[in-house]
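Protein chains in written order, with the working numbering: chain A, 29 to 404; chain B, 29 to 404. Glycine included, every Cβ here is placed at the ideal spot set by N, Cα and C. Some notes on the structure that comes next.
There are 2 protein chains.
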Amino acid sequence: MIKAPFTFQIEAQAGRARAGRFQTPHGELLTPVFAPVGTQASVKAITPDQLTELNASLILANTYHLYLRPGDELIADQGGLHQFMHWPGPILTDSGGFQVFSLAKKRRIDQDGVTFRSHIDGSEHRLDPEKAIKIQENLGADIIMAFDECAEPDDKTYAQQAMNRTHRWAERCLLAKSRADQALFGIVQGGIFADLRRESAEFISSLDFPGIAIGGLSIGETKGEMHDVIELVDQILPVHKPRYLMGVGTPQDLVNGVMRGIDLFDCVLPTRLARHNAAMTRHGGRLNLVNAQYAKDPQPIDSSCQCYTCLNFSRAYLRHLIVAKEMLSATLLSIHNLFTLIKLMTDIRHAVMSEKFDEFAAEYFEHPAGENQDHA
Amino acid sequence: MIKAPFTFQIEAQAGRARAGRFQTPHGELLTPVFAPVGTQASVKAITPDQLTELNASLILANTYHLYLRPGDELIADQGGLHQFMHWPGPILTDSGGFQVFSLAKKRRIDQDGVTFRSHIDGSEHRLDPEKAIKIQENLGADIIMAFDECAEPDDKTYAQQAMNRTHRWAERCLLAKSRADQALFGIVQGGIFADLRRESAEFISSLDFPGIAIGGLSIGETKGEMHDVIELVDQILPVHKPRYLMGVGTPQDLVNGVMRGIDLFDCVLPTRLARHNAAMTRHGGRLNLVNAQYAKDPQPIDSSCQCYTCLNFSRAYLRHLIVAKEMLSATLLSIHNLFTLIKLMTDIRHAVMSEKFDEFAAEYFEHPAGENQDHA
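So, in structure tokens, the structure goes:
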């Protein structure tokens, strides 16, 4: 069972979909929940007050980035991540594993950990399970992640080696953990290979983690492969623990993930698209607002959307900001994109609670994606 | 006298300093007032809601920029500048004159106007008094400016020619103006030359402008020369009209300006400094927050400041954002810098109203500038 202060209570179920409440030291999360990403202790172009207005509850920060800059010890000296970035609600930090494998240079993996060079200044560093936990304890997030190795999706030999290391490292992370006010989640790996995913889900489920993540998805596999992995893992994971699908976050991915039992999501997509001038639609379409077709368009991005941006600004104004290279465009588009995903999750939760999730999902997938049909 | 809806009422005086109320179609301005600059219909890195929280009342937008991009006719079609940028309060637009002389390329001045090439795409354009008024009527600001020519500060022959053209253009602007819901201000020019400034102040005062600006300052002259010009002009301008000192805005400039009879100010300084990592102090000092000395500094920029930034974020966090190139640093520093100037103006007004402005000013100038003593 999950120990206090991290109780997880499932309030309603609809098929595999769940609506729950996950208690953390910085407040309760109503699940399913989408976490905006604040890689460097800032959700890009957005103030914490604006995040609160968006009804954001959980945010994610990246261990790899904060370890390198400004340093986890500096953040600990400043009172921890909540105080440093002035976010009063729950925070989740990843383990740094994924970034070491995707961003760092000249990495050398051994059975004990990874040696790599910083993508910022080339300096040499080492991460291992104990170090990843120590850093995350310094950062002080509510939810922290076991150090894992994320393999390429299509090399089974490597996927198996990476999974085996991830399992040994998961045990070491549990041993290394010392703070009682942080929930350490284990991570299921195994690429797109059913036998590996099954083995990994069973092994991680056997350990004393209060929550379990599915890692290594949305990195090149097809949507069908992603769904197969989630369905397979979902049937093995203990029902009473929250499940977190890492780094996944198109609108369709969220609905598909909840349908397959997922409770927590995070993704850079809404804020990254905003900085590339794209507004997300609820159904997975995108408006590329730099396009000339919007130059004189007096409508908001979405006339049914209740976000600050849609209530107050036209497509013509947003396009002007983009063309004139005004920073405000990133802020206003980030607000819209985050609001869209957070509102979608609220509606999903409401549908599960009111026993209407099947209709909700059917209607959702029948709906056209929206302007430009530019699916993720 | 000033016609409705633009009544200007002086509520209190202290020496030359005045506290007043200037009525506009989009609300009343309590003067003296400082206007943040939204060059391209956006106060950089700040939302309109954040401006409201800062107690901003008047904002300035630039005719030259908006004429070139997105175009004044487009903004008129979108309902005007207030609706386009979602600013419900008073807006002031300049005439485009200053930017033509400081930003545009290959400009050719004749008696009727200026031909120039866009700094954006090199396209050829022409501004003259009638065009400048037409553009500003399309933009729809509450306060609009006569088309003027701003001369270099130290060439008397040119200063006189520019002043003479400015006077002829002022008359033409008055004739060209057609909207009753905009207050057209005349502009006094004449460089640093007392006889020219006297002639210009007398001439512009003789015309039927509801407010008068002093242009051509803060462009290379000394502070002493600036003060001499303001004092000289102040004694000529009609008492019952608001006076606007264009483009001037260090904290000391504001106090010095009010002492010499100025009611309105605008300046890009607070937002521009913010984007260059500098926090302003109330007394004219600056903190360059990229400096390593702030890396572990848990204090806010100014522990006595009540802005959102100072109430919630440390120097260490702000420095981290700067070093990590997070856009949030520009937002948070702009909030602090704008708050500092707007609060200073509120305090100045209060001092004038409560007959304590002399003590206020004496105390203000005795106070050290603050961190780094890096005066503007």
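Contact check, residue i vs residue j, beta carbons under 8 Å
i: Leu202(A); j: Asp236(A); result: yes
i: Gly219(B); j: Ala187(B); result: yes
i: Phe126(B); j: Leu155(B); result: no
i: Asp256(A); j: Arg271(A); result: no
i: Ile363(B); j: Leu86(B); result: no
i: Ala241(B); j: Met274(B); result: yes
i: Arg17(A); j: Val380(A); result: The structure shown does not extend to residue 17(A), since chain A spans only 29 to 404, so no value can be given for it.
i: His348(A); j: Pro98(B); result: yes
i: Gln106(B); j: Ser228(A); result: no
i: Thr299(A); j: Val71(A); result: yes
i: Arg377(B); j: Pro60(B); result: yes
i: Cys178(B); j: Ile247(B); result: yes
i: Phe293(B); j: Ala42(B); result: no
i: Ala198(B); j: Thr121(B); result: no
i: Thr368(B); j: Met308(B); result: yes
i: Leu315(B); j: Ala306(B); result: yes
i: Gln224(B); j: Met254(B); result: The question names Gln, yet the displayed sequence has Leu at residue 224(B). Against a cut-off of 8 Å, the Cβ pair of Met254(B) and Leu224(B) comes out as no contact.
Bounding residues of the alpha helix (DSSP H) (the contiguous stretch that carries residue i)
i: Arg200(A); result: Lys184 to Ala204
i: Leu13(B); result: With chain B running from 29 to 404 in the structure shown, residue 13(B) is simply not present.
i: Gln213(B); result: Just to set this straight, residue 213(B) is Phe in the shown sequence, not Gln. Here Phe213(B) belongs to no alpha helix (DSSP H); instead the beta strand (DSSP E) covers Ala211 to Val216.
i: Glu391(B); result: Phe385 to Glu394
Any non-hydrogen atom of the ligand FAD within 7 Å of residue i CB
i: Gln68(B); result: Looking for the ligand FAD in the displayed structure turns up nothing, as the structure carries no ligands at all.
Residue i classed as buried or exposed, judged by whether at least 16 other C-beta atoms fall within 10 angstroms
i: Ala344(A); result: buried
i: Ser130(A); result: exposed
i: Val286(B); result: buried
i: Gln401(A); result: Residue confidence for Gln401(A) is low, a pLDDT of 44 falling below 50, so the modelled location carries little weight; the figure read from the coordinates is stated next. Classification for Gln401(A): exposed.
i: Pro181(B); result: buried
i: Tyr392(A); result: buried
i: Arg207(A); result: exposed
i: Leu339(A); result: exposed
i: Lys134(B); result: exposed
i: Phe62(B); result: buried
i: Gly66(B); result: buried
i: His195(B); result: buried
i: Pro263(B); result: Here the sequence assigns Gln to residue 263(B), which means Pro is not the residue at that position. Looking at its Cβ environment, which holds fewer than 16 other Cβ atoms inside 10 Å, Gln263(B) is exposed.
i: Pro396(B); result: exposed
i: Ser357(B); result: buried
i: Pro326(B); result: exposed
i: Ala390(B); result: exposed
i: His110(A); result: buried
i: Gly312(B); result: buried
i: Ser331(A); result: exposed
i: Pro266(B); result: exposed
i: Thr250(A); result: exposed
Terminal residues of the beta strand (DSSP E) in which residue i lies
i: Leu50(A); result: The question names Leu, but residue 50(A) is Phe in the sequence shown. Counting along the chain, the beta strand (DSSP E) containing Phe50(A) begins and ends at Ala45 to Thr52.
i: Ala73(B); result: No beta strand (DSSP E) holds Ala73(B); DSSP gives it neither H nor E.
i: Ala169(B); result: That residue, Ala169(B), is in no beta strand (DSSP E); it is neither H nor E in DSSP.
i: Val61(B); result: Val61 to Ala63
i: Gln41(A); result: Phe36 to Ala42
i: Asp88(A); result: Checking the displayed sequence, the identity of residue 88(A) turns out to be Leu instead of Asp. Looking at the DSSP string, the run of the beta strand (DSSP E) that includes Leu88(A) is Ile87 to Ala89.
_Residue ranges of each alpha helix (DSSP H) within the segment 302-357 of chain B, 4 or longer_ = 336-340 and 343-351
*When Cβ atoms are compared, which residues of the segment 82-105 of chain B fall closer than 7 Å to chain A?*
Arg97, Pro98, Leu102 and Asp105
*Can you list the beta strand (DSSP E) stretches of 3 or more residues lying completely in the segment 219-307 of chain A, in chain order?*
239-242, 271-273 and 292-294
*Which runs of the alpha helix (DSSP H), 4 residues or longer, sit entirely within the segment 93-163 of chain B?*
100-105, 109-113 and 125-130
*Check each residue of the segment 345-356 of chain A: if its Cβ is closer than 9 Å to any Cβ of chain B, include it; give the result in chain order.*
Tyr345, Arg347, His348, Leu349, Val351, Ala352, Lys353, Glu354, Met355 and Leu356
*Taking Cβ-Cβ distances below 8 Å as the criterion, which residues of the segment 312-345 of chain A are in contact with chain B?*
Ala323, Lys324, Pro326, Tyr336, Asn340, Phe341, Ser342, Ala344 and Tyr345
*Could you list the residues in the segment 106-135 of chain B with a C-beta less than 9 Å from some C-beta on chain A, going in chain order?*
Gln106, Gly107, Gln111, Phe112, Met113 and His114
*Contact list for the segment 57-69 of chain B against chain A, Cβ threshold 8 Å*: Gln68 and Ala69
*Selection of the segment 357-384 of chain A by Cβ proximity to chain B, strictly under 8 Å*: Ala358, Thr359 and Leu360
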